[in-house]
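Trainee: The opening residue of the sequence shown carries number 975 in this note's numbering; numbering runs sequentially from there.
For every residue, glycine included, the Cβ atom is placed at its ideal position computed from N, Cα and C.
First, the structure itself, so that you have it in front of you.
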Amino acid sequence: MFGKLINSIGVQENGNDSNKYERIETYAAEEEIMLTDNNNNKLQPKMAKDEDDIVNVKNIRDDMRKYVVACAIFASLNSVLLGYDVGVMSGAIIFIQQDLKITETQQEILVGILSILSLLGSLTGGKISDTIGRKWTIALACIVFQSGAAIMALAPSYQILMIGRLLAGIGIGFDIMIAPVYIAEISPSIARGSLTSFPEIFINLGILLGYISNYVFSGLPVHSNWRIMLGVGIAPSVFLGFALFIIPESPRWLVMQNRIEEARTVLLKTYDNTKEVDERLAEIQMAARIANADKYKEKAVWLEILNPSPTIKRMLITDCGIQSFQQISGIDATVYYSPTIFKDAGIKGNIELLAATVAVGFTKTMFIFVALFLIDKLGRKPLLYISTIGMTISLFCLSFTLTFLGDQRFGIGLAILFVCSNVAFFSVGIGPICWVVSSEIFPLRLRAQASGLGAVGSRVSNGVICMSFLTLSRAITVGGTFFLFSVISALSVVFVHTCVPKTKGKSLEQIEMLFQKGSELQVGGEIEMGDAECLVQRQ
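Shown next, in the form of C-alpha cells:
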C-alpha cells in the first residue's frame, strides 16, 4: 500500500507545476549533478546525457521520495496512539462503567477530559519544540502518553484512571501540535499536502485498531477486558523508539539554531538537486533571520500572536476556525459514542454494537487514503468543499433517520450508512486538511507557538462536545443533537469559502504571502520564488 503511495507522490510531482519540475529535470539531466556520499563529501560532477545517467537520476529521485515518506510515517506513529485511545475508549467505557460503577457524568468527563488536558501539551509544545527540536518533542510525546496508558490499564479506581488520563492528554497535546509541523518542515512543497496528512491517516488507523480491539476482547471478564483494551495501545512505542534513530531533525529548526550545514544535508535528501536545495535554504535562512532577531524573543512572539497584525490575525482566524469547525461538527462524538448512536437506532447487544463500530472505523480509515491521493492534485480548498457539504448532508440524514426510523431494521441500516458516510466525508477533507493548513500558513518565527494555539481550539471544542454529548442527547434526543451538528457543519462551508486560501504547490514561505492582503485568500494566484525576499524585507 505504501509503495503505491510513494509512486502516487511521484506522479503528483510530475503532474503539478509541470514547468517547474521540467526545469528541475533539466538541471539534473543536462547540467552538473552535485551529489554527496555518506560522509557528505562532494562527488565528482558529471554530465547526465546518456540513457544510463538519466535512469540514475530517476533512481535518485525515487530514493528521495522514499526517504521523505519514511520520515513522515515514523513521525506519525504517535498519532496511532491518539487514534487508538479514541477508538478503544468508545467500547471500553461500556465495561469501565460496569466494573467501576461510574455515573453517566463521570463517563462524559472520562471521555472528554482527554481533550481538555491536551491543552497543556499543545500550549507548551511549541516552546519545547523550539528548545529541544521537533524530533525529540515527538519522543517526549510518546513517553508521556505511554506512561498515562500504562497507569490507565492498571488503574484500580476511577481516580487513578483519571491520573492516567491526565498524562495521556498531555502527551496527545504534544503530538497533535508537533507531528504536522515536523512533516511540513521536512517535505518538498509539491508533496507537502499528502505527507502532512499522514498523522490523520495514522489517527484513523489507530481508531480502527481500537474498534477491533474492543470487539476482540469484549468476550473476556468485565474486570480485565477493558484493561487489556487500553494496555494494547502501548505497543506502537517500540516502533517509534527505532524510528528516532532514522528520522532527521527539521531543517528549518536546524537553521534557527544556526546549524546550516546540517540543514543542508537534510535538504539534500529531500530535494532533487543542489540548485533547488540552495533556493530553499536561502528562503529558510531569510525567514530564520527574523525568527532569531532580538525583537522576536519568546515574549515578543506571544505578544505578536496575542496582539496580531492584520496579516497574522487572518492566519489565526483561518487556523483556529478550521480547527474548531473540525470538532464542533461532532466527529469525535460520533467516534466516541458510536455504540450509543447505534443503540438509539435499534441495535441491542454489546457485541453487535461493537461490530457495527468496526465498520465505521474501516470506512474512516479507507477514505483517508482517498484524501492522500487527491490533496496535492485537487488542492486543499476543493476537498474542503466536498467534505463539509457531504458531512452536512450526512448529518442531516442521520438526524432524520434516528428521529423517525429508529428501532426498524431499515432504520438501523440507514443509521450505519449515514454514520459511515459522515466519517468518510470527514476523512476526505476537513480531517487531514485541517492539520495541513494549520502547519503551513504561519511564518517560521511563529509556526510552533501558533500551531499549538490552533490545536488548543481543536482540543477545547473536542472536549466540550464529548463532555456534553450524553447530556445533550438526553435533553433533545440523539437525533436532535445530530441536527444541531448538521447546522454547524453548514456554517463550516461558509467559513471555508471566506477564510481558507489555496495553498497547493507553494512553499511555506510563499504561503505567507497569501495573507498579506485579505482579497488574496480567495484568489490563490501563483507567487514567484523571489517574492519571499520581498516579504522578508516588508516584515
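(1) Enumerated in chain order, which unbroken segments of the alpha helix (DSSP H) with a length of 4 residues or greater are wholly contained in the region 1350 to 1406?
(2) Quick one: residues in its chain with C-beta nearer than 7 Å to the C-beta of residue 1380, no 5 flanking neighbours on either side, listed in chain order?
(3) Answer yes or no: do residue 1366 and residue 1079 have a C-beta to C-beta separation smaller than 9 Å?
(4) Using the Cα positions of residue 1294 and residue 1428, report the straight-line distance between them to the nearest angstrom.
(5) For residue 1422, does the count of other Cβ atoms within 10 angstroms reach 16, so buried, or fall short, so exposed?
(6) In terms of residue numbering, what span does the alpha helix (DSSP H) encompassing residue 1335 cover?
(7) Can the beta-carbon of residue 1300 be found less than 9 Å from the beta-carbon of residue 1435?
(8) Whose C-beta lies closer than 6 Å to the C-beta of residue 1150 among residues of the same chain, with five residues either side of it excluded?
(9) Where do the ends of the alpha helix (DSSP H) carrying residue 1247 lie?
(10) State buried or exposed for residue 1322, treating a residue as buried only when at least 16 other CB atoms are found within 10 Å of its CB.
(11) So what does DSSP say about residue 1526, is it helix, strand or coil?
(12) Considering only the beta carbon of each residue, do residue 1489 and residue 1314 sit closer than 9 Å?
(13) Suppose you measure from the CA of residue 1424 to the CA of residue 1374; what does that come to, to the nearest Å?
(14) Helix, strand or coil, according to DSSP, for residue 1016 in the structure here?
(15) Return helix, strand or coil for residue 1311, following the three-state DSSP convention.
(16) Taking buried to mean at least 16 other C-beta atoms within 10 Å of its own C-beta, is residue 1335 buried or exposed?
(17) Taking contact to mean at least 3 C-beta pairs separated by less than 8 Å, is the region 1465 to 1474 in contact with the region 1353 to 1365?
(18) Pairs of beta-carbons, one from the region 1061 to 1078 and one from the region 1194 to 1209, closer than 8 Å: are there three or more?
(19) If I follow the unbroken alpha helix (DSSP H) through residue 1445, where does it start and stop?
(20) Exposed or buried, residue 1297, counting other C-beta atoms within 10 Å across all chains shown (16 or more means buried)?
(21) Within the present structure, is the beta-carbon of residue 1044 separated from the nearest heavy atom of the ligand SAH by less than 8 Å?
(22) To which residues of the same chain is residue 1289 closer than 6 Å at the C-beta, ignoring the five residues directly before and after it?
(23) So what's residue 958 in DSSP terms, helix, strand or just coil?
(24) Residue 1193 to residue 1073, Cα distance in whole Å?
(25) Are the region 1106 to 1121 and the region 1039 to 1057 touching by the rule of at least three beta carbon pairs closer than 8 Å?
(26) Tell me whether residue 1278 sits in a helix, a strand or coil according to DSSP, three-state version.
(27) Would you kindly work out how many angstroms separate the C-alpha atoms of residue 1130 and residue 1345, rounded to a whole number?
(28) Between which two residues does the alpha helix (DSSP H) containing residue 925 stretch?
(29) Excluding sequence positions up to five away, which residues of its chain have a Cβ less than 6 Å from the Cβ of residue 1135?
(30) What's the gap between the Cα of residue 1178 and the Cα of residue 1342?
(31) What does the alpha-carbon distance come out to for the pair residue 1138 and residue 1251?
(32) Specify whether the region 1079 to 1089 and the region 1104 to 1114 touch according to this definition: at least 3 beta carbon pairs, one from each stretch, less than 8 Å apart.
(33) Specify the secondary structure class of residue 1040 as computed by DSSP and reduced to three states.
(34) Using a Cβ-Cβ cut-off of 6 Å (strictly less than) and excluding sequence neighbours within five positions of residue 1227, which residues of its own chain qualify?
(35) Tell me which same chain residues have a C-beta within less than 7 Å of the C-beta of residue 1071, skipping the five on either side of it?
(36) Just reading off the alpha helix (DSSP H) that residue 1191 is part of, what are its end residues?
Mentor: Result, derived from the coordinates:
(1) 1354 to 1378 and 1383 to 1402
(2) The count along the sequence shown starts at 1 and reaches residue 1380 at position 406. Cβ within range, chain order: 1318, 1319 and 1320.
(3) Counting from 1 along the sequence shown, the entry for residue 1366 is found at position 392. Counting from 1 along the sequence shown, the entry for residue 1079 is found at position 105. Contact: no.
(4) Residue 1294 sits at position 320 when you count from the first residue of the sequence shown. Residue 1428 sits at position 454 when you count from the first residue of the sequence shown. One C-alpha to the other measures close to 5 Å.
(5) Residue 1422 sits at position 448 when you count from the first residue of the sequence shown. Buried is the label assigned to residue 1422, since at least 16 other Cβ atoms lie within 10 Å of its Cβ.
(6) As a working note, residue 1335 is residue 361 in the sequence shown. Run containing residue 1335: 1324 to 1348, per the alpha helix (DSSP H) assignment.
(7) Sequence index remark: in the sequence shown, residue 1300 carries index 326 (1-based). Sequence index remark: in the sequence shown, residue 1435 carries index 461 (1-based). It is a contact, given that the beta carbons lie within the stated cut-off.
(8) Start at 1 with the first residue of the sequence shown, and residue 1150 comes out as number 176. Closer than 6 Å at Cβ, skipping near neighbours: 1429.
(9) Along the sequence shown, read from residue 1 onward, the residue named residue 1247 stands at position 273. Here residue 1247 belongs to no alpha helix (DSSP H), and DSSP marks it neither H nor E.
(10) As a first step, residue 1322 is located in the sequence shown; it is residue number 348 there, counting from the start. Exposed, because fewer than 16 other Cβ atoms sit within 10 Å of the Cβ of residue 1322.
(11) Residue numbering for the chain in the displayed model covers 975 to 1513; residue 1526 lies beyond these limits and cannot be assessed.
(12) The residue you call residue 1489 lines up with position 515 of the sequence shown. The residue you call residue 1314 lines up with position 340 of the sequence shown. Contact flag unset, no.
(13) Looking up residue 1424 in the sequence shown gives position 450. Looking up residue 1374 in the sequence shown gives position 400. Between residue 1424 and residue 1374, the C-alpha separation is close to 39 Å.
(14) Residue numbering aside, residue 1016 sits at position 42 when the sequence shown is read from its first letter. Residue placement at residue 1016 cannot be trusted, given a pLDDT of 46 that sits under 50; what the coordinates show is reported in the next sentence. If DSSP states are grouped into helix, strand and coil, residue 1016 belongs with the strands.
(15) In the sequence shown, counting from the first residue as 1, residue 1311 sits at position 337. Residue 1311: coil per DSSP, three-state reduction.
(16) Here residue 1335 is taken as the residue at index 361 of the sequence shown, counted from 1. Residue 1335 is buried by the Cβ-count criterion.
(17) Yes: at least three Cβ pairs fall under 8 Å.
(18) For the pair of segments examined, the region 1061 to 1078 was found to touch the region 1194 to 1209: the number of CB pairs separated by less than 8 Å reaches three.
(19) Translated into positions along the sequence shown, residue 1445 becomes position 471. Note, residue 1445: alpha helix (DSSP H), 1421 to 1473.
(20) Position 323 of the sequence shown, counted from the start, is the residue given in the question as residue 1297. The residue is buried, with at least 16 neighbouring Cβ atoms inside 10 Å.
(21) What this structure holds is no ligand at all, so the ligand SAH is not there to describe.
(22) What you label residue 1289 is simply residue 315 of the sequence shown in a count that begins at 1. The answer, listed in chain order, is 1415, 1416 and 1489.
(23) This structure cannot speak to residue 958, because the chain is shown only from 975 to 1513.
(24) Within the sequence shown, the letter at position 219 stands for residue 1193. Within the sequence shown, the letter at position 99 stands for residue 1073. Computed Cα separation, rounded: 14 Å.
(25) yes
(26) For the purposes of this step, residue 1278 is identified with residue 304 of the sequence shown, where counting begins at 1. In the structure shown, residue 1278 sits in a helix (DSSP, three-state: H, G or I).
(27) The residue you call residue 1130 lines up with position 156 of the sequence shown. The residue you call residue 1345 lines up with position 371 of the sequence shown. C-alpha separation (whole angstroms): 42 Å.
(28) This structure gives no information on residue 925, because the portion of the chain shown stretches from 975 to 1513.
(29) The count along the sequence shown starts at 1 and reaches residue 1135 at position 161. For residue 1135, where only same-chain residues beyond five positions count, the Cβ hits under 6 Å are 1126 and 1129.
(30) To locate residue 1178, count along the sequence shown from 1; it is residue 204. To locate residue 1342, count along the sequence shown from 1; it is residue 368. Roughly 8 Å separates the two Cα atoms.
(31) To locate residue 1138, count along the sequence shown from 1; it is residue 164. To locate residue 1251, count along the sequence shown from 1; it is residue 277. So the alpha carbons of these two residues sit roughly 44 Å apart.
(32) No, they do not touch.
(33) The residue labelled residue 1040 in the question sits at position 66 within the sequence shown. In this structure, residue 1040 counts as helix in the three-state DSSP scheme.
(34) By one-based count along the sequence shown, residue 1227 stands at place 253. The residues are 1107 and 1108.
(35) Here residue 1071 refers to the residue found at position 97 when the sequence shown is read from its first residue. Around residue 1071: 1081.
(36) Locating residue 1191 in the sequence shown gives position 217, where the first residue counts as 1. If you look at residue 1191, you'll find it in the alpha helix (DSSP H) that goes 1172 to 1191.
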